[in-house]
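Numbering (my numbering), first residue to last: 35 to 300.
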């Protein structure tokens, strides 16, 4: 199996634990907890900043001596409502206690001490694309909001039969402002859960070309190259993206063979 596709290690507890070391890169980490009511999780942030995303369920969350109380509003991610999220800076410890069955994502990247612990607010749904390229975005922490030192985090809902992260694009060179180097993870969910999606990660020179069938709960690593994904008729796709690199800017270039789609639909 390709090293870019990471399966969950179980059904409860910490089922994903992707670090820069295990991914073979330098910036992005991604963890995922599936907690039962009353179960707890806590981690020191060390030299990273963290954005906690309540993908599903409710939990009492705190960072250091700050308690944010019970957070979470959607019990199923495909309700499509914006998530409740908490930012934790480097040099702190975050904690969570599930009050319902809970899926908690832990998004990490290098911290610089530029922001304090807080609940992230103002997350609203945005529509992107046209036709079978339509998808719906929750920009949790993108560059137009000064909410993090390094992290870029977003949720995407892709309707059945549609494509996403499309036309194919890449952000794997550090030459701002034309492009930024950003590592990226995709945490996938499918509705109904027995479905599957497709993700391709490929470079223009063919040195990397992997096409993966993703199941509910899988994570795909994108170290470089283009990375479109799609979902077949009958199955809705959700994914949570985490990106980070040398600078907190998202600048990408479309694949030259497919940029005409973007130009047509602008």
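Virtual Cβ for every residue (Gly too), placed ideally from N, Cα, C.
Going by the DSSP bridge assignment, what does residue i pair with across the sheet?
| i | result |
| --- | --- |
| residue 164 | In DSSP, residue 164 forms no bridge with anything. |
| residue 171 | 160, 190 |
Skipping 5 residues on each side, what residues in its chain have a beta carbon closer than 7 Å to that of residue i?
| i | result |
| --- | --- |
| residue 84 | 122, 128, 140, 141, 142 |
| residue 78 | 127 |
| residue 242 | 235, 236, 258, 259 |
| residue 285 | 205, 210, 211, 212, 213, 214 |
| residue 175 | 85, 154, 181, 182, 185, 186, 187 |
Please report the straight-line C-alpha distance between residue i and residue j, rounded to a whole angstrom.
| i | j | result |
| --- | --- | --- |
| residue 299 | residue 163 | 8 Å |
| residue 236 | residue 268 | 26 Å |
| residue 148 | residue 66 | 25 Å |
| residue 130 | residue 245 | 36 Å |
| residue 35 | residue 248 | Per-residue confidence for residue 35 stands at a pLDDT of 47, beneath the threshold of 50, marking its modelled position as unreliable; the derived number appears in the next sentence. Going from the Cα of residue 35 to the Cα of residue 248 covers about 12 Å. |
| residue 107 | residue 119 | 11 Å |
| residue 251 | residue 211 | 34 Å |
| residue 296 | residue 103 | 43 Å |
| residue 74 | residue 183 | 27 Å |
| residue 99 | residue 181 | 20 Å |
| residue 233 | residue 71 | 33 Å |
| residue 136 | residue 287 | 37 Å |
CB-CB under 6 Å to residue i, same chain, minus the five flanking residues each way: which ones, in chain order?
| i | result |
| --- | --- |
| residue 189 | 172, 274 |
| residue 276 | 62, 64, 141, 187, 219 |
| residue 289 | 202, 260 |
| residue 256 | 218, 235 |
| residue 216 | 205, 277, 279 |
| residue 223 | 111, 250, 272 |
| residue 167 | 197, 200 |
Measure how close the beta-carbons of residue i and residue j come, nearest whole angstrom, since I'm counting them as under 8 Å.
| i | j | result |
| --- | --- | --- |
| residue 271 | residue 192 | 4 Å |
| residue 105 | residue 138 | Incorrect: roughly 10 Å between the Cβ atoms, too far for contact. |
| residue 146 | residue 214 | Contact flag wrong, Cβ pair sits at about 17 Å. |
| residue 134 | residue 92 | 5 Å |
So, at 8 Å on beta carbons, what are the nonlocal neighbours of residue i in its own chain, with the 5 sequence-adjacent residues on each side left out?
| i | result |
| --- | --- |
| residue 159 | 114, 116, 170, 171, 172 |
| residue 38 | 235, 244, 246, 254, 255, 256, 257 |
Check whether the Cβ of residue i lies closer than 8 Å to any heavy atom of the ligand SAM, and answer yes or no.
| i | result |
| --- | --- |
| residue 282 | The model depicted lacks the ligand SAM and carries no ligand whatsoever. |
Could you pull out every unbroken beta strand (DSSP E) segment of at least 3 residues lying fully inside the segment 195-271, listed in chain order? The qualifying runs are 217-225, 231-236, 243-248, 253-256.
Mind pulling the beta strand (DSSP E) runs of 3 or more residues that sit fully within the segment 60-101? If only complete runs of 3 or more residues are kept, the segment 60-101 shows the beta strand (DSSP E) at 63-69, 74-78, 82-90, 93-97, in order along the chain.
Quick one: which unbroken beta strand (DSSP E) runs of 3-plus residues sit fully inside the segment 104-133? Chain order, please. Complete beta strand (DSSP E) runs here, min 3: 118-122, 127-132.
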